[in-house]
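Residue numbers (my numbering): 4 to 267.
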């Protein structure tokens, strides 16, 4: 509709449904090209007895049509628009979501808990419940299927590290007096997120480990040891709190102080 006038769909205005009497098979009637619209009107041309039809609309997954619209609610309470133009200084919006490695089903991540810095809050789209109390209608989940082509991506443990830890720590073999900048509980949550991503394997896990490698993230007594320098981390008791894999093994000892050691 443009000012009250209806425009025919691409390839129209008439489309053959190929429906036959007593034929209950689903039919797909594609347009010649995609179209942007807020309303779709169907005008039957032939029928017997009375008009009867059930139909659905195939909606494209591209989010480019949303670019420039101030419709995204961020964690800091502000509203922003989506962008499609990298290279102009814009940063990607970060969705506080993760997907299961096997099914691809969306799960709430610990992004909100890991995003401790104001910089993260100004970019984070949380998987928070809406007015109806349903996370299924959260802004983050609505953006997930149409994020392709937009500056929108999932929030990762690497984002949390790069935004929350002192930039001077990057590249250091180890740091001391780390508990204020990296509290033990935050580290446990961080390693739990790292473990979940590592289970995905492939390029996603490789990219995450490459970004985390230069950072001291393994608690070893009074030190945090750089991830790509510690070849093994030993935890007393053989148990972890907050990590599902090998990386979390250093958290138990680090939180208690002195219970872990790293060898190079």
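We treat Cβ as the ideally placed atom computed from N, Cα and C, and that holds for glycine.
Taking the C-alpha atoms as reference points, what is the distance between residue i and residue j?
i, j, result
"residue 151", "residue 51", "44 Å"
"residue 238", "residue 230", "At residue 238 the pLDDT is 44, less than 50, meaning the model places this residue with poor confidence and gives no usable figure here."
"residue 145", "residue 49", "38 Å"
"residue 15", "residue 34", "8 Å"
"residue 26", "residue 18", "18 Å"
"residue 40", "residue 70", "15 Å"
"residue 179", "residue 38", "58 Å"
"residue 209", "residue 218", "15 Å"
"residue 227", "residue 212", "17 Å"
"residue 121", "residue 8", "47 Å"
"residue 216", "residue 166", "15 Å"
"residue 29", "residue 60", "13 Å"
"residue 181", "residue 76", "33 Å"
"residue 153", "residue 85", "7 Å"
"residue 11", "residue 94", "38 Å"
"residue 58", "residue 170", "55 Å"
"residue 164", "residue 13", "48 Å"
"residue 261", "residue 192", "Unreliable positioning characterises residue 261 in this predicted model, as indicated by a pLDDT of 37, which lies under 50. A coordinate reading is not provided."
"residue 87", "residue 207", "22 Å"
"residue 42", "residue 131", "29 Å"
"residue 46", "residue 23", "18 Å"
"residue 189", "residue 147", "26 Å"
"residue 74", "residue 187", "36 Å"
"residue 149", "residue 214", "26 Å"
"residue 36", "residue 96", "30 Å"
"residue 44", "residue 66", "23 Å"
"residue 107", "residue 172", "34 Å"
"residue 225", "residue 174", "18 Å"
"residue 3", "residue 205", "Only positions 4 to 267 of the chain appear in this structure, which leaves residue 3 out of reach."
Buried or exposed for residue i, please, with buried defined as at least 16 other CB atoms from any protein chain shown within 10 angstroms of its CB.
i, result
"residue 21", "exposed"
"residue 197", "buried"
"residue 253", "Only weak support exists for where residue 253 lies, its pLDDT of 37 falling under 50; the coordinates are left without a value."
"residue 162", "buried"
"residue 221", "buried"
"residue 118", "buried"
"residue 140", "exposed"
"residue 99", "buried"
"residue 176", "exposed"
"residue 68", "exposed"
"residue 195", "buried"
"residue 143", "buried"
"residue 110", "exposed"
"residue 1", "As displayed, the chain neither begins before 4 nor continues past 267, which places residue 1 out of reach and without an answer."
"residue 129", "buried"
"residue 31", "exposed"
"residue 199", "buried"
Opposite residue i in the DSSP bridges: which residues?
i, result
"residue 177", "228"
"residue 156", "97"
"residue 219", "229"
"residue 75", "83"
"residue 109", "102"
"residue 70", "85"
"residue 56", "None, per the DSSP bridge assignment."
"residue 127", "97"
I think residue i touches residue j, with their Cβ atoms under 8 Å apart; what is that distance to the nearest whole Å?
i, j, result
"residue 184", "residue 168", "6 Å"
Taking 8 Å as the threshold, find out whether the stretch 145-164 comes into contact with the stretch 102-120 through three or more Cβ pairs.
When Cβ pairs closer than 8 Å are counted between the two stretches, the stretch 145-164 is seen to touch the stretch 102-120, the count reaching three or more.
Below 8 Å, can you find three or more Cβ-Cβ pairs linking the stretch 53-73 to the stretch 92-106?
No, because fewer than three Cβ pairs between the stretch 53-73 and the stretch 92-106 fall closer than 8 Å, the two stretches do not touch.
Please confirm if the stretch 119-134 is in contact with the stretch 76-85, defined as three or more CB-CB distances below 8 Å between the two stretches.
Taking 8 Å as the limit for Cβ pairs, the verdict is that the stretch 76-85 does touch the stretch 119-134.
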